[in-house]
Amino acid sequence: MACVFGPIPSRRLGRSLGVDPVPLKTCNWNCVYCQLGRTRPLTNERRVYVPLPVLLNEVDQALAARAPGEIDWVTIVGSGEPTLHSEIGDLIRAIKVRTTIPVAVITNGALIYLPEVRGALCAADAVLPTFSAGSAAVYRALHRPHPETTFERLLEGLIAFRAGYRGKLWVEVMLVRGVNDSEEALRDIAAALQRVQPDRIDITLPERPPAELWVEPPDAEGLMRATAILGAAARVVHPAEGSFDLRGYANPVEAILAIIARHPMRVEELERAVARWAPDQVRAALQTLESSGAAQVIERYGTRFWCAADAFYPSTASAPRKAVTTSYGCR
Numbered sequence: 183m184a185c186v187f188g189p190i191p192s193r194r195l196g197r198s199l200g201v202d203p204v205p206l207k208t209c210n211w212n213c214v215y216c217q218l219g220r221t222r223p224l225t226n227e228r229r230v231y232v233p234l235p236v237l238l239n240e241v242d243q244a245l246a247a248r249a250p251g252e253i254d255w256v257t258i259v260g261s262g263e264p265t266l267h268s269e270i271g272d273l274i275r276a277i278k279v280r281t282t283i284p285v286a287v288i289t290n291g292a293l294i295y296l297p298e299v300r301g302a303l304c305a306a307d308a309v310l311p312t313f314s315a316g317s318a319a320v321y322r323a324l325h326r327p328h329p330e331t332t333f334e335r336l337l338e339g340l341i342a343f344r345a346g347y348r349g350k351l352w353v354e355v356m357l358v359r360g361v362n363d364s365e366e367a368l369r370d371i372a373a374a375l376q377r378v379q380p381d382r383i384d385i386t387l388p389e390r391p392p393a394e395l396w397v398e399p400p401d402a403e404g405l406m407r408a409t410a411i412l413g414a415a416a417r418v419v420h421p422a423e424g425s426f427d428l429r430g431y432a433n434p435v436e437a438i439l440a441i442i443a444r445h446p447m448r449v450e451e452l453e454r455a456v457a458r459w460a461p462d463q464v465r466a467a468l469q470t471l472e473s474s475g476a477a478q479v480i481e482r483y484g485t486r487f488w489c490a491a492d493a494f495y496p497s498t499a500s501a502p503r504k505a506v507t508t509s510y511g512c513r
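Note that the sequence shown covers residues 183 to 513 in this note's numbering.
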């Protein structure tokens with residue numbers, strides 16, 4: 183299947199059946215920490231990227247192949263930004279007709295300022311937006327957004343969405359050392375989230391290959407500072423452990439490509455994930471993928487990761503890491 187994958191172990195959603203409605207790196211942000219590499223080019227065009235019948239046919243197949251209890255959430259999560267898919271509301275509602283399994287949407291939140299996007303997401307049982315910057319300066323440094331997706335629009339959109347949304351609003355704060363882990367930056371995030379009033383704040387770290395070489399997680403002091411400042415609703419969330427459900431794939435090549443298109447994998451993780459095939463088949467598949475250019479191996483944090491061939495990771499640092507001041511106004 184091209185658009186539906188898993189279930190996979192999710193650090194926030196248990197066993198998650200993923201539904202991806204956009205092609206790789208269709209996004210309006212170019213985050214320095216993105217595990218799928220740089221966005222080239224940025225796009226803010228909302229349109230139908232995958233026809234609804236195609237998506238629903240794959241959802242139907244995946245649901246039919248799993249027994250009750252094997253899936254905790256159906257999660258709409260793009261290898262880019264899923265709200266750029268203009269039929270996301272129809273997709274959510276159609277999935278909810280098909281199953282009682284709750285539906286979540288993982289989004290950067292940049293388009294929630296649009297009334298039509300807020301209306302579409304209201305059909306979901308949980309919405310998990312990113313909110314990792316409390317000022318326009320940090321927002322630009324961290325996310326390198328499309329010019330139309332400003333910090334002010336992100337914040338005001340989330341406030342408006344919270345006012346009318348009755349589902350679970352779980353905000354993700356991704357911490358990057360030297361960018362948003364200072365006391366000033368964290369207090370700005372906390373003040374903004376006081377206005378949003380999320381049900382939960384999930385603190386995450388760049389533990390998979392970031393787009394930029396200089397990106398690092400905060401040190402222990404920075405992490406302690408974040409949990410103290412962001413308050414009782416905040417918790418640190420680490421990558422989930424568990425097996426990937428690869429039923430529906432005829433061979434290890436197809437299975438590996440399906441995983442790494444959305445979820446870069448350490449070499450040992452990938453070998454465990456495809457362990458249903460014989461070791462010699464897996465070795466042959468990995469050799470074929472690398473020699474043919476259908477996949478790539480990159481190194482971050484001293485660890486080798488298998489990634490999608492089309493994902494772009496620079497081999498040299500594009501800019502030195504430095505602290506970001508937050509004295510600029512919103513725009």
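All C-beta atoms, glycine included, are put in the ideal place defined by N, C-alpha and C.
| Query | Result |
| --- | --- |
| Cβ shell of G200 (< 6 Å), same chain only, five flanking positions each side left out | F187, G188, T257 and V259 |
| Assigned exposure category for P311 - 16 Cβ within 10 Å defines buried | buried |
| Supposed close pair G219, A415 - CB separation, criterion 8 Å | At roughly 31 Å, the Cβ-Cβ gap does not stay under 8 Å, so G219 and A415 are not in contact. |
| Rounded separation between N290 and G301 - CA only | 16 Å |
| contact_flag[the segment 207-214, the segment 367-374] where n(CB pairs < 8 Å) is 3 or more | no |
| DSSP bridge partner residues for H267 (one or two, in chain order) | R229 |
| Candidates G430, R458 and A490, of which the one nearest M447 by Cα | A490 |
| Buried versus exposed call for H328 [16 or more other C-beta atoms within 10 Å across all chains shown] | buried |
| Cα-Cα separation between D307 and V418, rounded to whole angstroms | 22 Å |
| One or two residues paired with I277 in a DSSP bridge | Looking at the DSSP assignment, I277 forms no beta bridge with any residue, so it has no partner. |
| Where H420 falls, given that 16 or more other Cβ within 10 Å makes a residue buried | exposed |
| Spatially closest choice to V204 from L195, Y295, E227 and G196, by CA coordinates | E227 |
| Exposure label - Q478; buried when at least 16 CB within 10 Å | buried |
| Through-space distance from G262 to T470, alpha-carbon basis | 26 Å |
| For A367, the three-state DSSP class (helix, strand or coil) | helix |
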